[in-house]
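Same order as they appear, the protein sequences are chains A and B. Reminder that position 58 of the first sequence reads as 61 in my numbering, one-by-one numbering, no gaps. Reminder that position 38 of the second sequence reads as 651 in my numbering, one-by-one numbering, no gaps. Here a beta-carbon is modelled for each residue, glycine too, at the ideal position from N, C-alpha and C.
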Amino acid sequence: MFLPLLLGALINLNGSGRYIHWGFIQISVANFVVIILMIVVFVLAILLPFPRRKRDGQ
Amino acid sequence: MSIDTGVPAHAPAHASAPEESRQWTARMRHAAESAFPPDQLLPDRQPAYMASWIYVFGVLTVVSLAWVIITGCILAIMGPSWWHVSSTGHFVNSLHLWSVEAFFFFMVIHLWGKFFMAAWRGNRRLTWATGVISFLVSVGAAFTGYLSQQNFDSQWISTQAKDGINSTGAGSVFNVLNFGQMLMWHIVLLPIGIAIIAGLHVLLVRRHGIVPPFAVGDDDAAAVTPATTTAPAGEPA
């Protein structure tokens, strides 16, 4: 019960959605956050080294 | 005691190869074995260049799709009175939603990665095309899923979508205000379409191999088969 209360306190999901207006572009904050997260994960997937298993004798 | 089988004594136990090869079952078997050799269908070694996080998003998408289908089957078995009322139903309903969120999240990153490495190189055009089509069909499945929620959200989405869809003329056969029709599209037709196209997509990946990065492949990015691989599957080189 604690976690839902904490999340509910951080993000108010009961009201109407919030939107970003930028010229002719209109996007909800939730969708904007998801797109930013995808870009971050995409960049990290390219930059972060893939773990390699050490072989015997190396 | 002998049994007369009607087969001459000098005839071989099995049909001769030329006769067998004319049968459609044999021809299909030979074609399948030629297109998808078992060691290529389920390889135990992968190219060394696959040791990158960008190559994991395809399988993450498939795993998310498996969760979508599993949770969707549970919802179909138990019914709306269960997923709307009971706490366990709410939980599985939420699992269904969040597995869809994960499915699209991973699929879009997979799409970006394959776009920037021009994954259609090396005769992989059909692999790319099936990926694009499965993405579009998935958008339709997600849309009809939103329409099947039976809440104000689904009412809002359907009334907003009807004018756009009706303006295309598709509204005569795809009526977003018809809940029963949208539910059938969501749980029967579109899942069948996604399963077939995504399955074909995975088979084509196995058939032509994973596309190499620009630095590794030649200009034509010739198909990389397991014979050229260097690292065991699951163990980067």
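May I ask you to list the residues that DSSP assigns as paired with SER31/A?
TYR22/A
Given 8 Å as the limit, is there contact between the stretch 703-716 of chain B and the stretch 640-651 of chain B, that is, 3 or more CB pairs closer than that?
Because the criterion of three Cβ pairs below 8 Å is not met, the stretch 703-716 of chain B and the stretch 640-651 of chain B do not touch.
Which residues, taken in chain order from the stretch 697-725 of chain B, show a beta carbon closer than 7 Å to some beta carbon of chain A?
PHE718, VAL721, ILE722 and TRP725
Does any residue of chain B bring its CB to less than 9 Å from the CB of PHE5/A?
no
Take VAL713/B as the anchor and find which of TRP637/B, GLN659/B, PHE765/B and VAL675/B has the nearest alpha-carbon.
VAL675/B
Tell me whether the beta-carbon of ALA1/A lies closer than 9 Å to the beta-carbon of GLY20/A.
Residue 1/A is absent from the model: chain A starts at 4 and stops at 61.
Nearest-angstrom Cα distance between LEU9/A and LEU817/B?
Distance between the alpha carbons of LEU9/A and LEU817/B is about 46 Å.
Residues in its own chain within less than 8 Å of GLY685/B by CB, not counting five upstream and five downstream?
By the criterion of a C-beta distance shorter than 8 Å, GLY685/B is surrounded in its chain by HIS709, ILE800 and PRO804, once the five residues flanking it on both sides are discounted.
HIS723/B to LEU688/B, Cα distance in whole Å?
28 Å
Would you say the stretch 725-744 of chain B touches the stretch 809-823 of chain B, given that touching needs at least three Cβ pairs under 8 Å?
A contact is defined here as three or more CB-CB pairs under 8 Å, and the stretch 725-744 of chain B meets this definition with respect to the stretch 809-823 of chain B.
Determine the burial state of ARG738/B: buried for a count of at least 16 other Cβ atoms within 10 Å of its Cβ, exposed for fewer.
exposed
With a threshold of 16 other CB atoms inside 10 Å of the CB of LEU13/A, please say whether the residue is buried or exposed.
By the 16-neighbour rule on beta-carbons within 10 angstroms, LEU13/A is exposed.
Out of curiosity, what's the CA-to-CA distance linking ALA48/A and TRP666/B?
Here the alpha carbons of TRP666/B and ALA48/A stand approximately 5 Å from one another.
So for GLN659/B, helix, strand or coil by DSSP?
strand
Flag this pair as yes or no: are the beta carbons of PHE717/B and LEU760/B separated by less than 9 Å?
No, these two residues do not count as a Cβ contact at 9 Å.
Check the C-beta distance from TRP593/B over to PHE35/A and give it rounded, since I have them as a contact under 8 Å.
Since the first residue of chain B shown is 614 and the last is 850, residue 593/B is not available in this structure.
May I ask you to list, following chain order, the residues of the stretch 651-678 of chain B that have a beta carbon less than 8 Å from some beta carbon of chain A?
ALA664, SER665, TRP666, ILE667, VAL669 and PHE670
Does THR684/B come out as helix, strand or coil in the three-state DSSP assignment?
THR684/B: helix per DSSP, three-state reduction.
If we ignore side chains and look at the alpha-carbon of each, how far apart do TYR22/A and GLN29/A end up?
7 Å
Which residue wins for smallest C-alpha separation from ALA828/B, given the options VAL786/B, VAL789/B and PHE729/B?
PHE729/B
Alpha carbon to alpha carbon, how far is THR740/B from TRP733/B?
7 Å
How far does the alpha helix (DSSP H) with PRO651/B in it extend, from its first residue to its last?
651-654
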